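Notes follow the structure.
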Amino acid sequence: MIEPLNNYDNVLTACKAMIDRRRWNLAHGRVTVSTVGVTPNMRRLTQDLPEVNLALSLHAPNQPMREAIVPTAKMYPIQDMVEALDEHMMALVKAKSQDGTFNDSERKSASKRKRAMIEYVMLKGDTSTF
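Below, the structure written as structure tokens:
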């Protein structure tokens, strides 16, 4: 399977069709886009469809191991992906606030309504051989 966010325009069209009341009429929270971490397009999705869920496929606990498993990992460091995921999670809270900021209480409240999905694969053996 290819990386969905490398096919951004078509994924965006598909998501909009799924949440369209005249088509599928799915609740925004029932639509999830999974990505290996194409950070620029994660941020685009946050701008275009902050209501849909975002799942991040880390595949490894640290950057070096991730680079051994995921070919594009060198271009997208884990820290940048986590920041983009956090921005996506908090986008609706930021949009509702007066100045675009939020406090710890608002963050906790938002995390009860919208959760991040972190996907992880476990492989047996030395990842340097993959």
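Per this note's numbering, the very first residue in the sequence shown carries number 222; after that it's consecutive. Glycine residues also receive a C-beta, built at the ideal position from the N, C-alpha and C atoms. Remember, it's a predicted structure, so these values are computed and weren't measured experimentally.
- For A289, no beta strand (DSSP E) segment is defined; the enclosing uninterrupted segment is the alpha helix (DSSP H) at Q284 to I290.
- With a threshold of 16 other beta carbon atoms within 10 Å, M338 falls short and is exposed.
- Three or more Cβ pairs closer than 8 Å define a contact, and the segment 234-241 falls short of that threshold against the segment 274-291.
- In this structure, G258 places its C-beta atom within 8 Å of the C-beta atom of L277.
- Excluding the 5 residues flanking it on each side, D320 has no same chain C-beta neighbour closer than 7 Å.
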